[in-house]
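In terms of our numbering, the sequence shown opens at residue -1 and continues consecutively. Read through the structure below, which is laid out as structure tokens, and then see the notes.
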Amino acid sequence: MDLHLREDAGDIAAAMRRVVDRGWFILGPECEAFEAEFAAACHVSHAVGVGNGTDALALALKGLGIGAGDEVVTSPLSAAFSALAIQLAGARPVFADIDPDRLTIAPDAVEAAIGLQTAALLPVHLYGQPADNMRLKAIADRHGLAFIEDCCQAHLATCEGVPVGTLGHAGAFSFYPTKNLGALGDGGAVTTNDAVLAARIRRLRNGGQSDKYKHVEPGVNSRLDELQASILRARLPHLRAWTDQRRALAGRYRSALVNQRDSALDMSKRTVPSLAVPPELDRGHVYHLFPVRARARDELQRHLAQRGIETLIHYPIPIPRQLAMAAERPAVCPVADEVCDRILSLPLHPGLTEGDVEFVAEAVAAFAHQWSA
Ligand SMILES: *Cc1c(COP(=O)(O)O)cnc(C)c1O
């Protein structure tokens, strides 16, 4: 990962200068303009800038009146912040196991997890791959549940042609620096087509104030500041090209590693340890990450490190196994458990060249052959 500025450096410097010269740093014209520009990019009527992606999720839940006594069904495989946001809103996360190919919550597992307390469904579009939105939304509708999408890794992604964060009640985005659209600090946004919900979240993010010094409900302090908003405005025009580059690099990985392809988790049943490359199940995938699965994951990571290739594990521990979840309803998620032991994210960001990807893919392929021999 390389977070140094590239073609956006000049625009970012100019944007920061503009904000500093204006001398207006919180809830000003940059945040307002970014909200309109981001909403347009997401094909949604409203975007509300908040402090980070976790708050975007929590405020979407709170804005919909979900809190104490409610359960929210979500994925065991994600950044733990997805589930922490549910706790932050005062509700309880309930985990439904993932689909072994898509790695997002499995509709059948969701059905089984729904109970009398269930108030919302919160799928995560993990690694840039949209969850099975159409089936999940149908389940939410059938049970009268709110539908809130964790889009923190899925800026500009679509599911069956429909932009993520537009199908249900709300979408939550993060602008953490490593995300597909990143600030130079923390930031987040809620997207929604519901004007009433947008207005309530605007109020909640600013201390629950209806007017200055008039706090009509218990809100929080979670605002997208002017500097970060100006930086995001400078970067947003590049996002389409960066997304295309991510998709091109992922395609390169896939064609280089295709001989090792094994889409299911059946590796344990095979006599030869192999490598699973993620299948592209929807052309709206935006490749926040490119995770492969290997039975000898730790050896693969060491093999790549010896060649100067940095990899990361997203994620080493299923969320329900985190101590922070000890008080929640026990979860049985064998697919997520197995994925956490095998998954490894290969380098992928728009600053890489196709040559970089070939170099990594060759190192991965060499390892896979060695382990298959
Ligand atoms: C990054 C991330 C979050 C949290 O976003 P922050 O801005 O770091 O609070 C939540 N869910 C997922 C899937 C993420 O990747």
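Where is the CB? At the ideal position from N, CA and C, for every residue including glycine. Quantities reported herein were computed from a predicted structural model and do not represent experimental measurements.
When the Cα atoms are used, what is the spatial distance from residue i to residue j?
{"i": "Ser228", "j": "Phe365", "result": "44 Å"}
{"i": "Thr156", "j": "Val162", "result": "5 Å"}
{"i": "Arg203", "j": "Val218", "result": "5 Å"}
{"i": "Arg20", "j": "Ala78", "result": "38 Å"}
{"i": "Thr269", "j": "Val70", "result": "Note that Thr269 has pLDDT 34, beneath the 50 cutoff, so the model's placement of it is unreliable and no number is given."}
{"i": "Ile199", "j": "Gly63", "result": "11 Å"}
{"i": "Gln368", "j": "Pro345", "result": "21 Å"}
{"i": "Ala45", "j": "Leu182", "result": "20 Å"}
{"i": "Tyr174", "j": "Glu326", "result": "27 Å"}
{"i": "Glu297", "j": "Gln127", "result": "26 Å"}
{"i": "Gly166", "j": "Arg245", "result": "26 Å"}
{"i": "Thr241", "j": "Leu350", "result": "12 Å"}
{"i": "Arg90", "j": "Ile84", "result": "6 Å"}
{"i": "Gly51", "j": "Pro74", "result": "18 Å"}
{"i": "Leu154", "j": "Leu179", "result": "9 Å"}
Is any heavy atom in ligand 1 found nearer than 8 Å to the beta carbon of residue i?
{"i": "Phe386", "result": "Limits of the chain in this structure are -1 at one end and 371 at the other, which puts residue 386 out of reach."}
{"i": "Gly185", "result": "yes"}
{"i": "Ser80", "result": "yes"}
{"i": "Ala83", "result": "yes"}
{"i": "Val337", "result": "no"}
{"i": "Lys177", "result": "yes"}
{"i": "Ala118", "result": "no"}
{"i": "Gln127", "result": "no"}
{"i": "Tyr174", "result": "yes"}
If we call anything under 9 Å between Cβ atoms a contact, is residue i one with residue j?
{"i": "Ala138", "j": "Leu119", "result": "yes"}
{"i": "Asn191", "j": "Val333", "result": "no"}
{"i": "Ala231", "j": "Ala274", "result": "The identity of residue 231 in the sequence shown is Arg, whereas the question assumes Ala. For Arg231 and Ala274, no; Cβs fall outside 9 Å."}
{"i": "Val194", "j": "Gly169", "result": "no"}
{"i": "Ile317", "j": "Phe93", "result": "yes"}
{"i": "His286", "j": "Tyr125", "result": "yes"}
{"i": "Thr116", "j": "Asp68", "result": "yes"}
{"i": "Ala56", "j": "Leu86", "result": "yes"}
Near residue i, what residues of its chain come up, given a Cβ to Cβ distance below 6 Å and the 5 sequence neighbours on each side ignored?
{"i": "Arg319", "result": "none"}
Within the same chain, show all residues whose beta-carbon is closer than 8 Å to that of residue i, passing over the 5 residues directly before and after it, in chain order.
{"i": "Arg201", "result": "Gln207, Ser208, Val214, Glu215 and Gly217"}
Going by beta carbon distance, what residues of the same chain come within less than 7 Å of residue i, once the five residues before and after it are set aside?
{"i": "Ser261", "result": "Interpretation of Ser261 is limited by its pLDDT of 43, a score under 50 that renders its predicted location unreliable; the figure taken from the coordinates is listed afterwards. Correct list, in chain order: Asp99, Ala274 and Pro277."}
Task: Segments assigned beta strand (DSSP E), at least 3 residues, entirely inside the stretch 190 to 267 - done: 207 to 209
Open item on the list: Restricting to runs no shorter than 4 residues, where is the alpha helix (DSSP H) found entirely within the stretch 7 to 94?
Closed with: 7 to 20, 27 to 39, 51 to 61 and 79 to 86
Task: Completely contained alpha helix (DSSP H) runs for the stretch 292 to 351, where each covers 4 or more residues - done: 295 to 304 and 332 to 340
- [ ] Give, in chain order, every unbroken run of the alpha helix (DSSP H) that is at least 4 residues long and sits entirely within the stretch 112 to 179.
- [x] 131 to 140
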